[in-house]
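Report on the structure given below.
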Amino acid sequence: MAVLARKPRDLADVKALLYRPEVRQVAYQAALLAALAFAAYWVVNNVAANLRRQNIASGFDFLSRTSGFDVAQTLIEYSNLSTYGRAFLVGLLNTLLVAALGILAATVLGFVIGIARLSSNWLIAKLAAVYVELVRNVPLLLQLFFWYFAVLKNLPNPRQSFALPGGAYFNVRGLYLPAPVFLPGFGLVAAALAVGTLATAALWWWARQRQALTGERIAVLWPALAAVVGLPLVVFLAAGRPLEVDYPVLGGFNFQGGVAVMPELIALLLGLSIYTASFIAEIVRAGILGIPKGQTEAAQALGLSRGLSLRLVVIPQAARIVIPPLTSQYLNLTKNSSLAVAIGYPDFVSVTGTILNQTGQAVEVILMTMGVYLAISLLTSLFMNWFNSHMALVER
40 MAVLARKPRD LADVKALLYR PEVRQVAYQA ALLAALAFAA YWVVNNVAAN
90 LRRQNIASGF DFLSRTSGFD VAQTLIEYSN LSTYGRAFLV GLLNTLLVAA
140 LGILAATVLG FVIGIARLSS NWLIAKLAAV YVELVRNVPL LLQLFFWYFA
190 VLKNLPNPRQ SFALPGGAYF NVRGLYLPAP VFLPGFGLVA AALAVGTLAT
240 AALWWWARQR QALTGERIAV LWPALAAVVG LPLVVFLAAG RPLEVDYPVL
290 GGFNFQGGVA VMPELIALLL GLSIYTASFI AEIVRAGILG IPKGQTEAAQ
340 ALGLSRGLSL RLVVIPQAAR IVIPPLTSQY LNLTKNSSLA VAIGYPDFVS
390 VTGTILNQTG QAVEVILMTM GVYLAISLLT SLFMNWFNSH MALVER
């Protein structure tokens, strides 16, 4: 009888345990993890079976094989005798170049347009509004086609090139710029520039700390110019000017020398920068409008002009509102650069597509492509989150 009485009591304890919220949460999460693990196992097994059935070798050994194709733009040494792994790196660097230049250009243009939308000048404000509404409502791919086919492809041939200041030329084959040629001894100039930059950063940090403690503002502009410009210039002259310039010269049917910027890169940068800047402009405008008007009125009461109040009072506070959504636009620009394949720019997606077609390693190539874009996005988010926390208002 004691045993029979104990069993219902044990069942009641187990039932009470299962109805506890924390136990049920753990049980549900464990069941979900088990289901996900089984789904992943099924997918991997299914892919492996399909690859064996089609006699396709899996693995990443193909990265060490010769690629056999050229890439139009390379930031590092590369030829058709290089490996597929080297081709991956070339495409990645091309994508990073587009992302870095596009983010810089879109940020500057977006801030200018965003501030212009709040201008007291009726014409400037309306032109900025038209720019935003027109550009952001036209698909990016169409804008890339416009810049590439309608604008750049209608430029003159090399013999009728547009001559630009500084010895540069612009024609249907791209933009030709003078290229610096570093001679022995230029390393000293680079070292002087690095020392000057570090000294300027230290001086700026010390001036900020002193202003926070005493309220006294220390002028750092002229010392910074002396360290960043004056010191390298002195070293440059003392080292015998170890720098030459290689100017592009028309020879035959094309320019020789200098550095050539292909029209596909120009079209991609124009399309990405102008398109993303329209969204950044609205973010900047919203950030400025999010600052209480009392801040602007207080700045004007202190005698600050509209420009100074905007630069010293409004924008530093608006930056705290702008940075989080700005991160999303940076990520969008980086991922939108994959549209470069539509106009023939050899970005990461274009190069990996060629590798996939030649090797047939679809699973490996796609996994590498996804992993690279995921890593770029996570690193960008990590940096922007750090910058956002650094810019956040610290309460005392």
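Residue numbers (the working numbering): 40 to 435. Beta carbons: idealized from backbone N, C-alpha and C, even for Gly.
Beta-carbon within less than 8 Å of residue 171's beta-carbon, same chain only, minus the 5 sequence neighbours each way: which residues are those? Position 132 of the sequence shown, counted from the start, is the residue given in the question as residue 171. Cβ within range, chain order: 152, 156, 317, 320, 321.
Use the C-beta contact count for residue 253: other C-beta atoms within 10 angstroms, 16 or more gives buried, fewer gives exposed. By 1-based counting over the sequence shown, the position of residue 253 is 214. Result: exposed.
Could you tell me whether the Cβ atoms of residue 368 and residue 315 are closer together than 8 Å? The sequence position of residue 368 within the sequence shown is 329, counting from 1. The sequence position of residue 315 within the sequence shown is 276, counting from 1. Pairing residue 368 with residue 315 gives a Cβ-Cβ distance under 8 Å.
What ranges does the alpha helix (DSSP H) occupy inside the region 125 to 197, keeping only unbroken runs of at least 4 residues that lie completely in it? Within the region 125 to 197, the complete alpha helix (DSSP H) runs of at least 4 residues are 161 to 174, 179 to 184.
Give the single residue among 110, 423, 179, 196 whose Cα lies nearest to the Cα of residue 364. Taking the first residue of the sequence shown as position 1, residue 364 is located at position 325. Selected option, being the one with the closest Cα: 423.
For residue 235, count neighbouring C-beta atoms within 10 Å of its own C-beta (all shown protein chains included) and say buried if the count is 16 or more, exposed if not. Reading the sequence shown from its first residue, position 196 is the one you call residue 235. Residue 235 is buried by the Cβ-count criterion.
If you measure from the CB of residue 167, is any heavy atom of the ligand ADP nearer than 7 Å? This structure lacks the ligand ADP, and indeed carries no ligand of any kind.
Since I believe residue 313 is in contact with residue 187 (beta carbons under 8 Å), could you give me their beta-carbon distance rounded to a whole number of angstroms? Position 148 of the sequence shown, counting from 1, holds the residue named residue 187. Position 274 of the sequence shown, counting from 1, holds the residue named residue 313. Not a contact, Cβ separation roughly 13 Å.
Classify residue 97 as buried or exposed, calling it buried when 16 or more other Cβ atoms lie within 10 Å of its own Cβ. Position 58 of the sequence shown, counting from 1, holds the residue named residue 97. Exposed, since its Cβ has fewer than 16 Cβ neighbours within 10 Å.
Do the region 256 to 273 and the region 232 to 246 meet, that is, are 3 or more Cβ pairs less than 8 Å apart? yes
Can you tell me whether DSSP reads residue 255 as helix, strand or coil? Position 216 of the sequence shown holds residue 255. If DSSP states are grouped into helix, strand and coil, residue 255 belongs with coil.
For residue 290, write down the residues that DSSP places opposite it in a beta bridge. The residue you call residue 290 lines up with position 251 of the sequence shown. Bridge partners of residue 290: 293.
Per DSSP, residue 122 forms a beta bridge with which residues? Taking the first residue of the sequence shown as 1, we reach residue 122 at position 83. Residue 122 pairs with 105.
If you compare alpha carbons, which of 360, 341, 399 is closest to residue 22? This structure cannot settle anything about residue 22, because the visible part of the chain is limited to 40 through 435.
Just reading off the beta strand (DSSP E) that residue 116 is part of, what are its end residues? Translated into the one-based positions of the sequence shown, residue 116 becomes position 77. Here residue 116 belongs to no beta strand (DSSP E), and DSSP marks it neither H nor E.
Three-pair Cβ contact test at 8 Å for the region 297 to 314 versus the region 201 to 213: As far as the Cβ criterion goes, the region 297 to 314 touches the region 201 to 213, which means the pair count is three or higher.
Could you tell me whether the Cβ atoms of residue 373 and residue 416 are closer together than 8 Å? On the sequence shown, position 334 is the one that residue 373 refers to. On the sequence shown, position 377 is the one that residue 416 refers to. Yes; because the gap between Cβ atoms is below 8 Å, this pair is in contact.
How big is the Cα-Cα spacing for residue 292 and residue 218? Numbered from its first residue, the sequence shown carries residue 292 at position 253. Numbered from its first residue, the sequence shown carries residue 218 at position 179. For residue 292 and residue 218, the distance between alpha carbons rounds to 20 Å.
Contact check, residue 390 vs residue 127 under 8 Å by CB: the rounded distance? Locating residue 390 in the sequence shown gives position 351, counting from the first residue. Locating residue 127 in the sequence shown gives position 88, counting from the first residue. About 7 Å separates the two Cβ atoms, so the contact holds.
Between 341, 345, 338, 324, which has its C-alpha nearest residue 362's C-alpha? Counted from its first residue, the sequence shown places residue 362 at position 323. When only C-alpha atoms are compared, the closest one is 324.
Do residue 262 and residue 221 have their beta-carbon atoms positioned less than 8 Å apart in this structure? The residue you call residue 221 lines up with position 182 of the sequence shown. The residue you call residue 262 lines up with position 223 of the sequence shown. For residue 221 and residue 262, no; Cβs fall outside 8 Å.
Quick check on residue 346: buried or exposed, where buried means 16 or more other Cβ atoms within 10 Å of its Cβ? Within the sequence shown, the letter at position 307 stands for residue 346. It is exposed - the Cβ of residue 346 has fewer than 16 other Cβ atoms within 10 Å.
Minimum length 4: unbroken alpha helix (DSSP H) runs contained in the region 340 to 409: 345 to 348, 354 to 375, 387 to 398
Quick test of your reading: residue 402 and residue 82, contact by CB under 8 Å. State the CB separation rounded to the nearest angstrom. As a working mapping, residue 402 is identified with position 363 in the sequence shown. As a working mapping, residue 82 is identified with position 43 in the sequence shown. Rounded, the Cβ-Cβ distance is 11 Å, inconsistent with contact.
In the structure shown, what three-state DSSP assignment does residue 299 receive? As a working note, residue 299 is residue 260 in the sequence shown. Here residue 299 sits in strand by DSSP.
Candidates 169, 418, 392: closest to residue 406 by CA position: In the sequence shown, residue 406 corresponds to position 367, counting from 1. Ranking the options by Cα distance to residue 406, first place goes to 392.
Report the rounded CA-to-CA distance for residue 69 versus residue 75, giving the unit in angstroms. Here residue 69 refers to the residue found at position 30 of the sequence shown. Here residue 75 refers to the residue found at position 36 of the sequence shown. Using only the alpha carbons, I get a separation of about 10 Å.
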